[in-house]
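Everything in the sequence shown is counted per my numbering, starting at 135 for the first residue and increasing by one. Have a look at the structure below, then the notes.
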Amino acid sequence: MSIAKIIDGKLFAQNLRTDIARRVAELKDKKNVTPGLAVILVGNDPASEVYVRNKNKQTIEAGMRSFEFNLPAETSEEELLKRIFELNNNPEVHGILVQLPLPAHINEDAVINAISPAKDVDGFTILNVGKLAIGGDAFIPCTPLGCLMLLRDSVGDLSGKHAIVIGRSNIVGKPMAALLLKESCTVTIAHSKTRDLPSILKTADIVVAAVGRPNMVKGEWLKQGAVVIDVGINRITQPDGKTKLVGDVDFASCEGIASAITPVPGGVGPMTIACLLENTLQAAKNIHG
Ligand code: NAD
């Protein structure tokens, strides 16, 4: 049994952030522009607070400006929209991110689409989603962008490969499928209503799992030598009562069949913030010619 190459997303993301810091310094030198990222958090969801803290820390480490807004859970939609319009018009801010999910009384679509598409570094506005769908230049949602970078790095040319994306969310599955199509893969999207996933997976050169079900994809479902990208982040309780993070892919049974595989943690996870910084730098460059 050959053992798959472990795709080290932590190291890849670290190298990417170092390179971004270098390019940020270059932009400051040449154009006197410091990229700025504004992150808005409404309410105090503990997981979101951790994400926002990490984003803030890594933004500053990359030499960018970080603008953090922690708004109370009872913030009205109108107040939030007003804040976004201010940030749209603030020349020091190049990227705007609203941490999801938002409290139930706020219309998420209305808020996301109030962000100027030029500052939409999450790639969630209708304009950027549409641009990606027609294969144009768009801000690409950070997690699928991170997956694509890892895939390009380990596979090289993706053209003609059969890629299966499991999951059809707007945040991961759909943009991932659009990106792979843009790379000239033959793309299959599987989801909760897909019949006989194991036999479909048998034909895949590339598998991207974004489901949210611990250890769902089994090694015997894979084609020998498939490249597996595991987006899932699931916290499970072990028999000893301790919790641990696992992906959507059953790593133990897949590592002997796949040719390369991302671990959880340390695979796709660290790529998301690094790609957010990449998009923010790109936004600053676009805005300042
Ligand atoms: P989601 O709940 O919005 O979507 C899950 C998708 O899985 C749905 O489209 C559904 O149709 C599909 N699905 C459900 N059961 C299935 C089954 N039995 N067979 C096939 N498909 C099935 O989730 P999401 O936001 O896309 O996130 C997916 C996973 O990725 C979660 O574990 C999430 O925590 C993780 N995630 C990680 C990152 C990161 O690494 N930075 C970012 C976003 C999401």
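Using N, Cα and C, we set each Cβ at its ideal position, and we do this for glycine too. Given the structure is predicted, the values throughout are model-derived calculations rather than measurements.
Q: Indicate, with yes or no, if the ligand NAD has a heavy atom lying under 7 Å from the CB of VAL345.
A: yes
Q: Taking only the alpha-carbon atoms, compute the straight-line gap between ALA392 and ASP339 and give it to the nearest angstrom.
A: 9 Å
Q. Should PRO397 be labelled buried (16 or more other beta-carbon atoms within 10 Å of its own) or exposed?
A. buried
Q. Can you give the beta carbon distance from ALA196 to LEU411, rounded, assuming they're within the 8 Å contact cut?
A. 5 Å
**Q.** CB contact check: PRO237 to chain B, cutoff 8 Å
**A.** Checking the listed chains, one finds no chain B in this structure; it contains a single protein chain.
Q: Would you check if the distance between the CB atom of ALA116 and the CB atom of ILE298 is smaller than 8 Å?
A: Residue 116 is absent from the model: the chain starts at 135 and stops at 423.
Q | Coarse secondary structure for ASP254, derived from DSSP in three states | A | coil
Q.
If I measure Cβ to Cβ from GLY381 and keep anything under 6 Å in the same chain, skipping five residues before and after, which residues do I get?
A. ASP364, GLY366 and VAL398
(Q) Is ASP382 near the ligand NAD - that is, is its Cβ less than 7 Å away from at least one heavy atom of it? (A) yes
Q. DSSP puts VAL351 in a beta bridge; with which residues?
A. VAL383
Q: State the start and end residues of the unbroken alpha helix (DSSP H) segment that holds VAL158.
A: 143-165
Q: Indicate the three-state DSSP secondary structure (helix, strand or coil) for ASP287 in the structure shown.
A: helix
Q) Tell me which same chain residues have a C-beta within less than 7 Å of the C-beta of LYS307, skipping the five on either side of it? A) Just to set this straight, residue 307 is Gly in the shown sequence, not Lys. Taken in chain order, the residues that qualify are VAL299, GLY301, ILE323 and ALA344.
**Q.** Three-way DSSP call (helix, strand, coil) for PHE201 in this model
**A.** strand
Q: Determine the direct distance from the alpha carbon of SER387 to that of GLY257, and round the result to whole angstroms.
A: 34 Å
(Q) With H, G and I counted as helix, E and B as strand and the rest as coil, what does DSSP make of THR193? (A) helix
Q.
Out of LYS419, PHE273 and VAL321, which one is the CA nearest neighbour of SER293?
A. VAL321
Q) To the nearest angstrom, how far is it from the Cα of ALA172 to the Cα of ASN262? A) 18 Å
Q) Going by DSSP, which residues form a beta bridge with ILE370? A) LYS378
Q | Backbone CA spacing between PRO237 and GLY346 [nearest angstrom] | A | 21 Å
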